[in-house]
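Residue numbers for the sequence shown, in UniProt numbering: 1 to 396.
First comes the structure, then the notes that go with it.
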Amino acid sequence: MSTFTGVMNEFPGISVDRFDDDNLKSRIFFLSHCHMDHMCGLNNPNGLPGPLYMSPISAVIIRKQFPQIKEVVVLKGNEPTPIHYDDEDGTTKYVTVTTLPAFHCPGSVMFLFETNGVKVLYTGDFRLSKRLMLKMKLLKNVTGSLNTIYIDSTFLSKTYETFPGQIRSATTICDIIKEWLGKSSNHVISLKMPARYGYEFLFIEIGKRLKLKIHVNEGEMAMYRYIPELDNIFTTNSRKSQIHACFDWQNKNGKQLTCNPELDPSLIRVIKPTAMIWKEWQHSLDIVKKEEHENIRVCYSNHSSMSEIRDFLIYLQPKNVELNVVPADALKKQEMLNAVSAMLGNIESTNSDGSKSHLSEWDNLSKLSKLNFTFSKQPKDANEQFPCPPKRKKNS
């Protein structure tokens, strides 16, 4: 869950992914993607006191879900957009904003903010492999020139050094589904996700590969129906699908379908795509764990792993880093800080000939090992619909 409080030190008057309390003093607003922990305050009946910028897919969702927000502005991908706004004393400010794909969910983007020699990258939630990162020309153009990266640090921990690629995970899940549904027309799959939203890319892969619709509740469908990429992926008719993502959160083992409680539990196979339990996972290991009651866990993450975060920071060489997802526990917070310090101070790169060398040829390596970190605290009592972190407290 994001603990970012909305305000970037470099750009007063701008709020990102947080729309309540002091953020309502901002002049312009940005939304990286439409997941609840990044939308706190958007349900305010008075709307926002300024325009809200986002991707085309996010704009479709926001216009339908929050019609009281009158100024929804679409930003085209990879296209610098000049924006001006007045600060509190009436002075006109100028900023150029460019969006980059974040590969977290449909419509998710990173924001690059630029003005007067200041460059800041806000990632929102992201899952970016090294291969994808190196293909992004805009990232290459800002290497070594970023003042700050506000980064998704969900799995910034040595415990989560690496995850399998999403395609591998999706392929494994599809194979499990095909094998189970092949037993008979009465066998069904129950997809138990750790959160209500965030697994749209996986749903898309399942729907396209298996050419089967996924049954969801009307509540989920209310959001999904506005995402063009999800057309023909879902149905609210439980009789039209053997694949169900209509999980009842009160039914912990998932061996009973909400839509068909009379179904024989022996016909139900529960698949749990998860990342949190896969501590110390390595590429040589399996990505499937079988549990009791025919339950199966598959390693799947829509957030970057420790190694992917490392590749990202070392490639971009920012002067400062701000972590947007930080645990409330002081010990875990310190472990996260230590992990970043070690990561940036002792990185090794594998060359094409297989040998290893320190990245000492990078001029900014000494700066990287002394990065400035800003933390914001985890919310104690998150609102169920729009969980919001508390006001930021900074620690060096």
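All C-beta atoms in this analysis are idealised placements derived from N, C-alpha and C, irrespective of residue type, glycine included.
Every value quoted in this text rests on a predicted model; they were computed, and no experiment measured them.
Member of the options whose CA lies at the smallest distance from the CA of residue i
i	options	result
M36	N46, D125, V72, G144	D125
A339	M276, I271, F155	F155
N116	C105, N147, L134	N147
Y53	N43, K64, T81	T81
I151	Q334, L331, D329, G6	G6
V95	V74, K333, V118	V118
G219	N141, K211, F234, L210	F234
K64	R225, L257, N320	R225
P67	I83, N44, V74, P273	N44
I296	S284, P273, D17	P273
F4	F11, P12, V97, V16	V16
K319	I83, L331, V74, S145	S145
S190	S266, R131, I314	S266
V74	D87, E88, G107, D89	G107
M1	A195, N186, Q334, L210	A195
As assigned by DSSP and simplified to three states, the class of residue i
i	result
L285	coil
residue 400	There is no way to answer for residue 400, as the model of the chain reaches only from 1 to 396.
E79	coil
D22	helix
H215	strand
L359	At L359 the pLDDT is 27, less than 50, meaning the model places this residue with poor confidence; the figure from the coordinates comes in the next sentence. In the structure shown, L359 sits in coil (DSSP, three-state: anything other than H, G, I, E or B).
E10	coil
R63	helix
T172	helix
H293	helix
N372	Its pLDDT being 44, under 50, N372 is placed unreliably in this model, and the value from its coordinates should be taken loosely. Of the three classes helix, strand and coil, the one that applies to N372 here is strand, per DSSP.
L331	helix
T5	coil
E348	For E348, the predicted structure reports a pLDDT of 39, less than 50, and the residue's modelled location is therefore unreliable. A value from the coordinates is still provided. E348: strand per DSSP, three-state reduction.
S15	strand
Q378	Caution is warranted here: a pLDDT of 35 is assigned to Q378, below 50, making its placement in the model unreliable, and the coordinate value is therefore given only provisionally. Coil.
L323	strand
Y197	coil
H84	strand
I243	strand
V298	strand
P101	strand
M39	coil
E205	helix
L365	Residue placement at L365 cannot be trusted, given a pLDDT of 29 that sits under 50; the coordinates are not used to answer.
R392	Any reading at R392 needs caution, since the residue's pLDDT is 48, under 50, leaving its predicted position unreliable; the model's value is listed next. R392 falls in the coil class under three-state DSSP.
residue 397	Past the edges of the chain, shown from 1 to 396, lies residue 397, and the structure says nothing about it.
F386	Because F386 carries a pLDDT of 48, less than 50, the predicted location of this residue cannot be relied on, and no value is offered for it.
L128	coil
P45	coil
M136	coil
Sheet register partners of residue i (DSSP bridge)
i	result
R269	I189
F260	As written in the sequence, residue 260 is Asn, which differs from the Phe given in the question. In the DSSP output, where bridge partners are listed per residue, N260 has L257.
E114	T96, K119
D152	DSSP lists no partner for D152.
Y53	F30, V73
F234	I214
T159	T159 pairs with nothing; no bridge assigned.
V109	P101
T274	C299
Under 8 angstroms between C-beta atoms of residue i and residue j
i	j	result
S55	V109	yes
C246	H215	yes
V188	I268	yes
L263	S153	no
F93	Y85	Going by the sequence as given, residue 93 is Lys instead of Phe. Yes. Within cutoff.
residue 425	L128	No answer is possible for residue 425: the residues shown for the chain start at 1 and end at 396.
V270	K192	yes
I227	V60	yes
S58	M336	no
I176	I243	no
G47	I69	yes
D229	I204	The sequence as given places Glu at residue 229; Asp does not occur at that position. In this structure, I204 lies closer than 8 angstroms to E229 by Cβ.
S238	K213	no
T172	V288	yes
M221	T236	yes
M133	F312	yes
T91	E79	no
heavy atom of the ligand MG below 7 angstroms from residue i C-beta
i	result
R269	In terms of ligand content, the structure shown is empty, and the ligand MG therefore cannot be addressed.
### Query
Taking one C-beta from the stretch 336 to 343 and one from the stretch 164 to 172 each time, how about it: are there three or more such pairs within less than 8 angstroms?
no
#### Entry: Touching by the beta-carbon criterion (3+ pairs, under 8 angstroms), the stretch 118 to 132 and the stretch 39 to 49
no
### Query
So, do the stretch 155 to 162 and the stretch 302 to 315 have three or more beta carbon pairs nearer to each other than 8 angstroms?
Result yes; three or more Cβ-Cβ pairs closer than 8 angstroms.
### Query
So does the stretch 193 to 200 actually touch the stretch 165 to 184, counting three or more Cβ pairs closer than 8 angstroms?
no
### Task
Take every Cβ of the stretch 28 to 35, pair it with every Cβ of the stretch 95 to 106, and state whether three or more of those distances are shorter than 8 angstroms.
yes
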